[in-house]
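Positions 25 to 479 (our numbering) are the ones given, in order, by the sequence shown.
One structure is given here, and the rest of the page talks about it.
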Amino acid sequence: MSTNNSKKKINKAEGPLTVFTPGIGAVSTTFMAGVELIRKGLREPVGSLTQMSAIRLGKRTEKRNPLIKDFVPLAPLENLKFAGWDIFGGTAYEAAKKSSVLSGNDLELVKPFLKGIEVMPAVFEQNYVKRLRPKVIKKAKTKMEFAEQLRDDIRATMKRHGSKRGVMAWCGSTEVYIEESDVHGSLRNFEKGLAKNDPRIAPSMVYAYAALKEGIPFANGAPNLTVDMPAMHELAAKEGLPIAGKDFKTGQTLLKTVLAPMLKARMLGLNGWFSANILGNQDGEVLDEPGSFKTKEVSKLSVLEHILQPHLYPRLYSDYYHKVRINYYPPRGDDKESWDNIDIFGWLGYPMQIKVNFLCRDSILAAPVLLDLVLFLDFAHRAGLSGIQEWLSFYFKSPMCAPDLYPEHDLFIQLTKLKNYLRYLMGEELITHLGVEYYSDTSGRRPTHRRSPNK
Ligand SMILES: NC(=O)c1ccc[n+]([C@@H]2O[C@H](COP(=O)([O-])OP(=O)(O)OC[C@H]3O[C@@H](n4cnc5c(N)ncnc54)[C@H](O)[C@@H]3O)[C@@H](O)[C@H]2O)c1
25 MSTNNSKKKI NKAEGPLTVF TPGIGAVSTT FMAGVELIRK GLREPVGSLT
75 QMSAIRLGKR TEKRNPLIKD FVPLAPLENL KFAGWDIFGG TAYEAAKKSS
125 VLSGNDLELV KPFLKGIEVM PAVFEQNYVK RLRPKVIKKA KTKMEFAEQL
175 RDDIRATMKR HGSKRGVMAW CGSTEVYIEE SDVHGSLRNF EKGLAKNDPR
225 IAPSMVYAYA ALKEGIPFAN GAPNLTVDMP AMHELAAKEG LPIAGKDFKT
275 GQTLLKTVLA PMLKARMLGL NGWFSANILG NQDGEVLDEP GSFKTKEVSK
325 LSVLEHILQP HLYPRLYSDY YHKVRINYYP PRGDDKESWD NIDIFGWLGY
375 PMQIKVNFLC RDSILAAPVL LDLVLFLDFA HRAGLSGIQE WLSFYFKSPM
425 CAPDLYPEHD LFIQLTKLKN YLRYLMGEEL ITHLGVEYYS DTSGRRPTHR
475 RSPNK
C-alpha cells in the first residue's frame, strides 16, 4: 500500500448539515426532491461522483478502488437539511410543481417532505433580474440591513435544524451582467457599499456576504460575479471558508469541454463553433433578457479560448468564429435542446464538420452537480481549506481561479485534479499515470520492465 503519509486533519461530519439555497426553483427543488427519493431508497443518485464514483488508490496491481464516499469522510445524505429563499413564497413543493421537472408521481412520493421546506422571503432587486415580478421579498433601508436579516434567517434555521454546519449555493436566477469595480475591490469598500446601498452590489453578493459572515462556505451555480471578486476572497480568507464558482457545468458546455480538448490533443484546427440552444423553463425566460444573457454568454464563451490556447497554436486556433445563442422556447420547458456545428480542419488544411445534437434535461444534469458541491464544500471546510477551491473546477462552466492563473476547463484534467486532491488530503499517493515502462534492446532478449514510482 502506498501513502504520502501526510493525511490532513479533517473534522468529523457529525450531526445535521443545512443546505441553504437562495433561489428555490427548478435546480434546487430537483436536488432536494432527489435527495429525499434517494434516501428513501426509491431512486439512484445517477450523475453524482460523491455517491457513485470509485477512486483508484495506489498502484493498479493493488486493486484498491473504493467509492469516493467510503474513502472521504463526507456528510451522509441522511444528515442533509434544506432551507432557502425565493421571491414567490410558499414551500418547495409548490416551487417543484411549478418547475415541472419531476413527474407528478415522483413529487407525490416526497410531498410532505417538500411541503416542510418553507421558502423564506428573498433579498431581491428588480434591476438585477428584469423578467421576474416578485411576490414576497424583504424590506430594509440598506443592503447591510438586508445582510443582517439573512444572517438572522441563517441562525434561526440552523437552530431549528440543530445544525452546527451549513453550506450555501446560489441557485437563483442569472443576474444582469456587471463588471468588477472599486466597490468589489476590497472588503472595506464592499462593507461601505453595503451601508451606502451601492447599486453595484447585487443581491447574490448580499447572500454570499451573509453566508461567509455566518461561517458558511459558498458556491455559485450561476455566472454572476457574486464571490468572484477580491472583497469576497478577502472575507473567505479572513473567515477561513472555502468558496467555489461559477455557473454549473451541465449540458452544452460539458460537451464542449470534452470535444475541444480532443481537437487540441490531435492538433486538429478549428474554423468555427456555432452553439444554439432552445429552452423553455423560467431560467430560459430570464436569459431571454439581454442583461442576463450577456452574463451567461461571457461564461459560455470563455471556455474555448482557455482550452485551445491560440497563443501556443496560432496556426490552428487564432482565427475561429465562436457564437453562442440561447433562445427561449416555452413548449420545451426544462427539456433543453442544443445544437453545435463545429467546422474543423485536418491534414493539409482539409475541412471537416462535427454536428452535435444534445436533448438533455437541464435540472436533471444540474442536481447531482449541486449535491457534490455541497458535500465537497462541507468536506473542504472540515479539512480547514479556505478561499477558491480550484479542485472543484470540474463542476463549473467558468471556474474561478487565483488572479495570476488561467482557469482549467478541460473536463478530464479537472477530474484528475479533483481525484488527486482527494488523494492528497487523505494521505494517499498522487496518480500520475506514468505506468510500467517496457523496453527491449537490440539483442532480441525478452523485454524487461522498469518500475516507475507510480503506475
Ligand atoms: N439547470 C442547469 O443546467 C443550469 C446550469 C448552469 C447554471 N444554472 C443556473 O442556475 C440557476 C438556477 O436555475 P433554475 O433552472 O433552477 O432557474 P429557476 O428560474 O427555476 O430558479 C431560480 C429561482 O431563483 C429565484 N430568484 C431570483 N432572484 C432571487 C433572489 N434575489 N433571491 C432569491 N431567489 C431569487 C427565482 O424566483 C427562481 O425561482 C440559474 O441562474 C441558472 O442560470 C442552471
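Ideal Cβ positions, reconstructed from N, Cα and C, are used throughout, including at glycine.
Residue i classed as buried or exposed, judged by whether at least 16 other C-beta atoms fall within 10 angstroms
i, result
"arginine 475", "Confidence at arginine 475 is low in this model, with a pLDDT of 47, below 50, so its placement is unreliable and the value that follows should be read with caution. Exposed, because fewer than 16 other Cβ atoms sit within 10 Å of the Cβ of arginine 475."
"threonine 42", "buried"
"alanine 426", "exposed"
"tyrosine 462", "Because the pLDDT of tyrosine 462 is 46, which lies under 50, any placement of that residue in the model is unreliable, and the number read from its coordinates should be weighed accordingly. Result: exposed."
"histidine 473", "Note that histidine 473 scores 46 on pLDDT, short of 50, meaning its location in the model is unreliable; the coordinates nonetheless yield the value given after this. With fewer than 16 Cβ atoms within 10 Å of its Cβ, histidine 473 is classed as exposed."
"lysine 165", "exposed"
"proline 247", "buried"
"methionine 376", "exposed"
"phenylalanine 436", "exposed"
"lysine 159", "exposed"
"proline 480", "Lying outside 25 to 479, the shown extent of the chain, residue 480 is not represented and no answer is given."
"glutamine 150", "exposed"
"serine 72", "buried"
"aspartate 206", "exposed"
"asparagine 305", "buried"
"glutamate 493", "No answer is possible for residue 493: it lies beyond the span of the chain, which begins at 25 and ends at 479."
"lysine 31", "exposed"
"lysine 163", "exposed"
"threonine 456", "exposed"
"valine 348", "buried"
"lysine 280", "buried"
"proline 241", "buried"
"alanine 255", "buried"
"glutamate 38", "exposed"
"proline 471", "With a pLDDT of only 47 at proline 471, under the threshold of 50, the placement of this residue in the model should not be trusted, and no figure is reported."
"histidine 208", "buried"
"glutamate 68", "exposed"
"alanine 50", "buried"
"aspartate 307", "buried"
"valine 14", "For residue 14 there is no data in the structure shown, the boundaries of the chain being 25 and 479."
Alpha helix (DSSP H) segment containing residue i, residue limits
i, result
"leucine 399", "386-406"
"arginine 255", "Position check: residue 255 holds alanine in this sequence, whereas arginine was assumed. Per DSSP, alanine 255 belongs to the alpha helix (DSSP H) from 254-263."
"alanine 243", "Alanine 243 -> not in any alpha helix (DSSP H); beta strand (DSSP E) instead, spanning 242-244."
"leucine 41", "Note, leucine 41: premise wrong, no alpha helix (DSSP H); beta strand (DSSP E) at 41-46."
"glycine 308", "306-311"
"serine 299", "Premise fails: serine 299 lies in the beta strand (DSSP E), 293-303, not in any alpha helix (DSSP H)."
"serine 316", "314-332"
"leucine 61", "50-63"
"aspartate 358", "Premise fails: aspartate 358 is in no alpha helix (DSSP H) and is neither H nor E."
"proline 136", "135-139"
"methionine 450", "Methionine 450 -> no alpha helix (DSSP H), and no H or E assigned at all."
"threonine 250", "No alpha helix (DSSP H) holds threonine 250; DSSP gives it neither H nor E."
"lysine 73", "One detail in the question is off: residue 73 reads as leucine in this sequence, not lysine. Taken as a continuous stretch (DSSP letters only), the alpha helix (DSSP H) holding leucine 73 covers 73-76."
Start and end residues, beta strand (DSSP E) containing residue i
i, result
"aspartate 434", "Counting along the chain, aspartate 434 falls outside any beta strand (DSSP E), and DSSP gives it neither H nor E."
"arginine 349", "345-352"
"proline 338", "From DSSP, proline 338 is part of no beta strand (DSSP E) but of the alpha helix (DSSP H) over 338-341."
"glutamine 377", "375-383"
beta-carbon residue i near ligand 3 non-hydrogen atom, thresh 7 Å
i, result
"cysteine 195", "Among the ligands present in this structure, namely ligand 1, ligand 3 is not found."
Does the segment 413-421 come close enough to the segment 436-451 to have 3 or more Cβ pairs within less than 8 Å? yes
Given 8 Å as the limit, is there contact between the segment 352-369 and the segment 393-413, that is, 3 or more CB pairs closer than that? no
When the Cβ atoms of the segment 199-212 are set against those of the segment 61-75, are three or more pairs found closer than 8 Å? no
Should the segment 90-110 be called in touch with the segment 400-414, which here means at least 3 C-beta pairs below 8 Å? yes
Of all the alpha helix (DSSP H) runs that stay within the bounds of the segment 144-231, which reach a length of 4 or more residues? 167-185, 211-219
Considering only residues of the segment 261-289, which uninterrupted alpha helix (DSSP H) runs meet the minimum length of 4 residues and lie entirely inside it, listed in chain order? 276-289
With three or more beta-carbon pairs closer than 8 Å as the criterion, would you say the segment 207-223 touches the segment 75-87? no
contact_flag[the segment 158-174, the segment 233-244] where n(CB pairs < 8 Å) is 3 or more: yes
Does the count of Cβ pairs from the segment 324-341 and the segment 271-286 closer than 8 Å reach three? yes
The segment 378-388 in contact with the segment 339-352 per 3-pair CB rule at 8 Å: no
Fully enclosed by the segment 79-124, which beta strand (DSSP E) runs are 3 residues long or longer? 104-110
For the segment 126-135 and the segment 173-192, state whether three or more C-beta atom pairs, one from each stretch, are separated by less than 8 Å. no
Touch test, the segment 445-452 against the segment 300-313, Cβ-Cβ under 8 Å, three pairs minimum: no
Do the segment 367-374 and the segment 319-327 touch if we need at least three Cβ pairs shorter than 8 Å? no
On the three-pair Cβ rule with 8 Å, is the segment 107-125 touching the segment 265-276? no
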